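For the sequence shown, position 203 matches number 202 in numbering that gives the first Met the number 0, and the numbering has no gaps at all.
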Amino acid sequence: MMNRSGTFTMISPARIDRNTNNPRRIYNDERMDLLRTSIQENGIQVPLTVYSDPFHPDRFVLMDGERRWRCALELGLVSVPVDVIDAPEPLDNLLHISNIQAVGDDWPLISIALWLRKIMNISGATGEARVVEMSGLPRNMVRRARRLLSLPQYELDLIQSEAHLDRSAQVHREDLYLEIEAAESTMRTEFPEIGERFSRDDIIRRLAQK
C-alpha cells in the first residue's frame, strides 16, 4: 500500500529515472510541444510523483508526470517539484499508474495493450473478467487490447512506432490491424486450406501489405 508523504521537495530531473513498469512510451508530438511551451513560460505547476529507488539511494523512480519530466530534461531545468511516495509492489505499481494517468483517456490502444500484458504477466490473470476487474477499464477496451496483443510482435512494433503521430499520418493504425485480425480469423474459418498452407503470422502480414 502506498502512502503519500504529504510533502513536496525540489530535486534535479536528472536524478529521476523512468518507471520501467510503465508501458506508455508514446506521446503525441503536438501535445508535447504545447506542454513544453507551457512549462517554459509558467514552470511545472503540478509536482511529479516519485519514489526512492531501493537499489540506488540517491535516485528516484517516476510514478506520474513523465511528460513533464521529459520536458524538464529537454528544457534543461535545474530542479522540479516532486511528491515522494512509498515504493510500491510491482503489481501495485502498474495499477497505481492506471489510477494516476487515467489509462484510456488519451492512451493509444497499443500502450493500453502493453500495460495489460504486464498486468497479466505479473498477476497471472488471464480471464477477461478478472483483467477488467483489475484494470478498471471497460470490457470492450480490454477485449480490443487483447485482440491487438494477439498480433505478431513485428506488427505490434510497427503500430507502436507510429502511435505518436496524428491518426491521419499513421500507416500502421490500430483499427486497421484489428480489421486485419478479424479478417484472418474469418478467412481461416471459411477457407481452412489457406490455414493449412500459411501460418497465422504469414496471413496477417500478407493482409497488412495489401
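Where a beta carbon is used, it is the ideal one built from N, C-alpha and C, also for glycine. No experiment lies behind these values; they were computed from the predicted model shown.
| What first and last residue would you give for the beta strand (DSSP E) that runs through Tyr26? | First-last for Tyr26: undefined, no H or E at that position.
Is it buried or exposed, Leu33, if we count other Cβ atoms within 10 angstroms and call 16 or more buried? exposed
Counting Cβ pairs, one atom from each stretch, are 3 or more of them under 8 angstroms apart for the region 192-205 and the region 56-68?
no
Check: What does DSSP give as the partner residues of Ser51 in its beta bridges?
Finding: Phe59
Whose C-alpha, out of Leu61, Met133, Glu127 and His171, is nearest the C-alpha of Leu210? Any question about residue 210 goes unanswered here, given that the chain covers just 0 to 209.
* **Best match in Ala168, Asp174, Thr19 and Arg129 for proximity to Leu150 [C-alpha to C-alpha]** => Asp174
Need the endpoints of the alpha helix (DSSP H) that Ile43 sits in, please. Per DSSP, Ile43 belongs to no alpha helix (DSSP H) and is neither H nor E.
**Prompt:** To which residues does DSSP link Asp156 through a beta bridge?
**Reply:** Answer is none; Asp156 lacks a bridge partner.
Note to self: So the candidates are Leu148, Gly123, Val79 and Leu76; which of them puts its Cα closest to the Cα of Ile111?
What the structure shows: Leu148
Measuring CB to CB, does Ile15 end up less than 9 angstroms from Val45?
-> no
If you draw a straight line from the C-alpha of Ala181 to the C-alpha of Asn139, how long is it? 15 angstroms
Exercise. Specify, as a first and last residue, the run of the alpha helix (DSSP H) that Asp201 falls within.
Key: Arg199 to Ala207
What are the partner residues of Thr8, as DSSP defines its beta bridges?
Val81
Exercise. Mapping DSSP to helix, strand and coil, what is Asp16?
Worked result: strand
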